[in-house]
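See structure below.
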């Protein structure tokens, strides 16, 4: 019996429209078809084997857990996963990948390759639709196995013999040196003709070539290039190719607190996450992704920038209603399992700054001018003129009362500042003097109301005593210079009050079993993005060696494939939160670039 592994036990494979998570023992425990935000066909990650899985690996006793791979790796700079098992009878390799596609028929391909000896193998495929709730009708059509339920059909193609037992499709076979046996599952709307027969070997060659050519565009060749490239590949995998939208993560409800209720659906496009992702891609040579995201943004916002949402669906959908799936017990019994996200209609003023910063960077790096993008930027600032001084839910999407969050005000300042620069460049027209005054007003307001003189630190919100790791962005966005005593005081205060014993950074204080500032019960782990921000700030204020040591400790938290979840639990010493998380991989890239520029690595 397989049980879901630790979060870091999973590998990511995907086709830039959806993604699968593959455990060390060869079990696919998570796959939504045909899109990131579709219902899961394999939902064992959030439940049990009864909720869908596909295990492919050496045969083993039913009373024992399936054996973990002896080793695994991505094939070069690609998203092609290789897992190898050394068994008493020999060594076998399984190659897992999802071919990038233009059509509507996603495929998950698994190729078994004999390396040495003769190894008995077993494939066990249990398809369940609607997040494990619906058992499909499984039957044969022209020698192909198909599972049908409502609007969905999933087709299994393989040369191996298959048989059904206990509502599961099995295949038992043996491979010797050089033997290759392929399995492929393809999704198709159930009312359409069957999908084309897969060509696994040709698809493998094409998939490797796609990733090789994509990585060749990377302009970063500094230290830790392997970590940067793997993060870039992960970010690309989280891009929904048909629209240019970028999901925050391909999963829902992986807990920030094991056994707790801090479980959210991240399979949507947060303007903040997508904007900072685009910034990292632009700085490493990827302009096409920036162009596609800018077009997605213009479609999503349309003619209604005054009602800017903090997140949208991957095609720009606005309604992302939140629901709980009570038939799923949750990852390690961390309930509830949620789909949709009720935070979509929160007021988060900081997103205006992140979006404007991304548009500004695209402009500065030579992306072809788009007049509507400039018009949108101007409209966003006109909205901020009358709303910047309102309380909001802030960057962390608190579900408690609105506050005057300092980070939100700082990012409103960024939005105005970057728009002023756009006008000064001659590429837009606007009330320059009025907006310069607005920029000064916001700056003055933050410095007067968001700064604690006695403790020499900025605070989470006006009048509060709590700190917040988002304050680490103050020097990074240019609100104040790094050598300002208030910046240095804030950095040192966060180190004192928000650090875990191993030096990683919490987002803000939570209060154990009582609801904290975010209106939620329970605690959470160290937020990895915030820890990277601390490394950035330390480098900016000249503490470069300390920054490098922190950065390297953070790199050591990645799993064996270079992947990071949202948080790190310092008590359990494991990754927590949705996985893999764009908001962790983006600052990894940014910190590597900053440390390289600072000369932190010597010669």
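Numbering (the numbering used here), first residue to last: -19 to 583. For glycine and all other residues, C-beta sits at the position ideal for the given N, C-alpha and C. Remember, predicted model here, so these are calculated numbers, not experimental data.
Just to check my reading of the structure: residue i and residue j have Cβ atoms closer than 8 Å, yes? What is that Cβ distance to the nearest angstrom?
i           : j           : result
residue 515 : residue 527 : 5 Å
residue 167 : residue 86  : 5 Å
residue -12 : residue 554 : 7 Å
residue 575 : residue 519 : 6 Å
residue 60  : residue 75  : 6 Å
residue 176 : residue 148 : No, residue 176 and residue 148 are not in contact; Cβ-Cβ is about 26 Å, not under 8 Å.
residue 20  : residue 112 : 7 Å
residue 99  : residue 154 : 7 Å
With a threshold of 7 Å on Cβ separation, who are the neighbours of residue i within its own chain once the five nearest residues in sequence on each side are excluded?
i           : result
residue 206 : none
residue 422 : 368, 389, 392, 393 and 396
residue 214 : -8, 543, 560 and 565
residue 66  : 50
residue 314 : 235, 238, 239, 240 and 243
residue 304 : 316, 317 and 318
residue 250 : 228, 290 and 291
residue 188 : 55, 58 and 60
residue 110 : 19
residue 446 : 439, 440, 488, 489 and 497
residue 272 : 224
residue 416 : 400
residue 309 : 27 and 315
For residue i, which three-state DSSP category applies?
i           : result
residue 196 : coil
residue 450 : helix
residue 3   : coil
residue 259 : helix
residue 59  : coil
residue 460 : coil
residue 227 : coil
residue 40  : coil
residue 133 : strand
residue 494 : Interpretation of residue 494 is limited by its pLDDT of 37, a score under 50 that renders its predicted location unreliable; no figure is taken from the coordinates.
residue 119 : strand
residue 180 : helix
residue 352 : helix
residue 548 : strand
residue 111 : coil
residue 9   : strand
residue 140 : coil
residue 105 : strand
residue 244 : coil
residue 97  : strand
residue 154 : strand
residue -6  : strand
By the 10 Å Cβ neighbour count, where 16 or more other Cβ atoms means buried, how is residue i classified, buried or exposed?
i           : result
residue 385 : buried
residue 101 : buried
residue 2   : buried
residue 352 : exposed
residue 465 : exposed
residue 344 : exposed
residue 530 : buried
residue 300 : buried
residue 37  : buried
residue 552 : exposed
residue 225 : buried
residue 571 : buried
residue 412 : exposed
residue 194 : buried
residue 172 : exposed
residue 287 : exposed
residue 116 : buried
residue 577 : exposed
residue 42  : exposed
residue 91  : buried
residue 476 : exposed
Grab me the residues of residue i's own chain with a C-beta within less than 8 Å of its C-beta, minus the 5 sequence neighbours each way, in chain order.
i           : result
residue 18  : -2 and 12
residue 232 : 26, 243, 244, 245, 246, 247, 317, 318, 319 and 558
residue 285 : 356, 359, 360 and 363
residue 150 : 102, 103, 104, 105, 142, 143 and 144
Give every residue of the same chain whose Cβ lies closer than 6 Å to the Cβ of residue i, excluding the five residues on either side of it in the sequence, and list them in chain order.
i           : result
residue 211 : 565, 568 and 569
residue 236 : 242, 504, 547, 556 and 557
residue 402 : 408
residue 450 : 375 and 387
residue 200 : 208 and 264
residue 127 : 107, 116, 118 and 134
Would you list, in sequence order, the uninterrupted alpha helix (DSSP H) runs of no fewer than 4 residues that lie entirely inside the region 267 to 316? 267 to 281
Quiz item: If you scan the region 369 to 450 from start to end, which runs of the beta strand (DSSP E) of 3 or more residues do you find wholly inside it?
Solution: none
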